[in-house]
Amino acid sequence: MRLPLIPTILVAMAAAAMIALGVWQLHRGAEKDALLVRLAANRTRPAMAFPAIPVGDDLLFRRASAFCLSVTGWTTQSGRDASGKSGWRKIALCRTGAEGPGFSVQLGIGSDPNANPPWRGGKVNGYISYAPNAAPLIVSMLGAAGP
């Protein structure tokens with residue numbers, strides 16, 4: 763009986779790729795553990811002024827403060843509050859007065875997706891986190907910018 767050459771080669775290549783990816787993940791384990799330790803330590807570090815954009819991952823979960831001169835727009839996305847109740851996240855897009863992209867501030871969770879808080883700006887304090895992003899997972903995996 764003759765062995766099908768092309769399917770056999772494809773299966774062997776797929777198996778080799780899976781083994782290589784598994785080894786790569788095992789090597790990344792120590793790197794990921796170190797990152798988790800750094801991020802956990804950020805919560806106990808003193809507050810800082812909000813850094814220039816883009817903010818690196820090394821500053822995630824660090825307390826920061828900034829001044830929003832004015833709100834240039836609002837974004838509404840689904841989310842959950844601290845107790846787990848579903849609602850609409852109210853995110854203000856802030857102007858800082860300096861040249862650049864400004865920053866986003868999540869002000870809370872509401873039940874009405876069309877209502878925006880009366881807040882018009884001012885000093886904000888909180889934790890640095892990723893800005894909300896509705897891009898599909900495949901887009902973020904490929905490093906491509908969303909629409």
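According to our numbering, the sequence shown is numbered sequentially starting from 763. Just so you know, even glycine gets a beta-carbon here, dropped at the ideal spot from N, CA and C. Since the structure is predicted, the reported quantities are computational estimates derived from the model, not experimental observations.
Using 8 Å for Cβ pairs, my map puts residue i next to residue j. What's the rounded Cβ distance?
{"i": "leucine 797", "j": "phenylalanine 823", "result": "About 11 Å; that fails the 8 Å criterion."}
{"i": "alanine 854", "j": "tryptophan 881", "result": "7 Å"}
Answer with buried or exposed for residue i, where buried requires no fewer than 16 other C-beta atoms within 10 angstroms of its C-beta.
{"i": "lysine 847", "result": "exposed"}
{"i": "phenylalanine 812", "result": "buried"}
{"i": "valine 833", "result": "buried"}
{"i": "valine 773", "result": "exposed"}
{"i": "valine 785", "result": "exposed"}
{"i": "isoleucine 890", "result": "buried"}
Please list, in chain order, all residues of the same chain as residue i whose beta carbon is under 6 Å from its beta carbon, the five residues on each side excluded.
{"i": "glycine 841", "result": "Arg851, Ile871"}
{"i": "proline 808", "result": "none"}
{"i": "threonine 838", "result": "Trp850, Pro875"}
Counting only the same chain and skipping the five closest in sequence on each side, list residues whose C-beta sits under 8 Å from that of residue i.
{"i": "glycine 884", "result": "Phe829, Cys830"}
Based on DSSP bridge pairs, tell me the residues matched to residue i.
{"i": "tryptophan 836", "result": "Ala854"}
{"i": "alanine 826", "result": "Met810, Gly888"}
If you draw a straight line from the alpha carbon of residue i to that of residue j, how long is it in whole angstroms?
{"i": "glycine 864", "j": "cysteine 856", "result": "6 Å"}
{"i": "alanine 803", "j": "histidine 789", "result": "23 Å"}
{"i": "isoleucine 771", "j": "serine 827", "result": "57 Å"}
{"i": "valine 867", "j": "isoleucine 781", "result": "43 Å"}
Any heavy atom of the ligand COA closer than 6 Å to the beta-carbon of residue i?
{"i": "alanine 877", "result": "Of the ligands one can find in the structure shown there are none, so the ligand COA has no counterpart to examine."}
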